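**Q** Numbering (the numbering used here), first residue to last: 12 to 259. Where is the CB? At the ideal position from N, CA and C, for every residue including glycine. All figures in this text were calculated on a predicted structure; none of them were measured in a lab. Sharing a structure, written as structure tokens. Questions coming.
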Ligand code: NDP
């Protein structure tokens with residue numbers, strides 16, 4: 012039997028990039044998967060791929076910053092698929108600029124999506140997971156949340172915030188057998204977030220990666236799959252860097 016057979020997962024920002032790879036990996040492992048993003052058609056494309064992998068799927072247009080929309084999604088998932096047993100907080104955005112040029116709205120948008128979005132979604136799944144006395148909450152942070160990055164103060168703050176948030180939640184929910192962990196990817200090109208970088212910028216980044224290559228969405232999905240599975244039952248409050256050694 013597939014490892015995640017019978018489990019119901021929600022992947023936020025599952026419409027493309029790393030989120031889509033995570034949705035497909037969880038489905039390949041036997042989970043039924045609900046994906047959300049603001050763009051309904053793109054989310055539906057992932058749901059179609061999940062269904063082609065043989066899993067039940069559901070997709071919705073949801074803005075993770077909107078608690079009401081998130082609450083409706085969790086209820087719908089619970090009614091139609093069951094669970095949820097696994098939440099992957101993957102939705103994220105960047106609005107890069109140096110501090111002196113960063114607009115307040117760019118600070119707010121990044122913190123709202125990347126950090127408040129994880130709060131909203133985690134709060135919505137916590138009740139059913141507590142009732143079930145089991146669950147997995149996995150948030151996608153970034154190496155930038157660990158070591159910082161000039162021009163990304165808002166993004167780094169949101170991603171560092173996810174780590175503190177997850178460790179606190181891990182302590183709160185441990186007695187209910189719910190684990191809460193973080194995956195911190197390094198540089199994963201060719202997603203919506205990184206597709207615009209020049210070759211020179213990519214080469215510059217690779218100079219700081221001991222394994223001398225970028226990561227892939229599938230390698231991030233591997234880590235998420237492990238943290239979603241029973242194999243990680245004794246792992247909570249941890250940050251797993253999938254970064255080619257960048258932050259060792
Ligand atoms: P993409 O831009 O390709 O995907 C981002 C996803 O998030 C999309 O599905 C997008 O859909 C969704 N999203 C954005 N805002 C919202 C919102 N308010 N509500 C719901 N969904 C939303 O990025 P990546 O795949 O590269 O990144 C995925 C995660 O991995 C992010 O959290 C990112 O910070 C993190 N990460 C990425 C790295 C990389 O190098 N690529 C490195 C380290 C971390 P839509 O726009 O339709 O809402």
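With a cut-off of 8 Å, do at least 3 Cβ pairs link the stretch 248 to 257 to the stretch 42 to 59?
**A** With a cut-off of 8 Å, the stretch 42 to 59 and the stretch 248 to 257 do not count as touching, because too few Cβ pairs lie within range.
**Q** Determine the extent of the alpha helix (DSSP H) in which residue 165 is found, giving its start and end residues.
**A** Start and end: 164 to 184.
**Q** Of the residues 178, 134, 227, which one's Cα is nearest the Cα of residue 200?
**A** Looking at the Cα atoms, 227 is the closest of the given residues.
**Q** Enumerate in chain order the residues of its own chain whose CB-to-CB distance from residue 92 is below 7 Å, with the five nearest sequence positions on each side excluded.
**A** Cβ neighbours of residue 92 beyond the five flanking positions: 19, 43, 45, 67, 69.
**Q** Apart from the five residues on each side of it in sequence, which residues of its chain come closer than 6 Å, Cβ to Cβ, to residue 140?
**A** Counting only Cβ-Cβ distances below 6 Å, and skipping sequence neighbours, we find 146, 189.
**Q** Is residue 108 helix, strand or coil by DSSP?
**A** Residue 108 falls in the strand class under three-state DSSP.
**Q** Taking the straight line between their C-alpha atoms, what separation do you get for residue 248 and residue 112?
**A** If I take the Cα positions, the gap works out to 35 Å.
**Q** To which residues of the same chain is residue 40 closer than 6 Å at the C-beta, ignoring the five residues directly before and after it?
**A** Closer than 6 Å at the Cβ level, and outside the excluded window around residue 40, lie 13, 14, 15, 236.
**Q** Got a sec? Which residues, its chain only, sit under 7 Å from residue 34 by beta carbon, not counting five neighbours each side?
**A** Around residue 34: 22, 25, 44, 46, 57, 61.
**Q** To the nearest angstrom, how far is it from the Cα of residue 117 to the Cα of residue 155?
**A** Distance between the alpha carbons of residue 117 and residue 155: 17 Å.
**Q** Going straight from the alpha carbon of residue 83 to that of residue 180, what length do you get?
**A** Their Cα atoms are separated by approximately 22 Å.
**Q** By a C-beta neighbour count over all protein chains shown, 10 Å radius and 16 as the cutoff for buried, is residue 209 buried or exposed?
**A** Classification for residue 209: exposed.
**Q** Taking 7 Å as the cut-off, is the CB of residue 125 close to at least one heavy atom of the ligand NDP?
**A** The answer is yes for residue 125.
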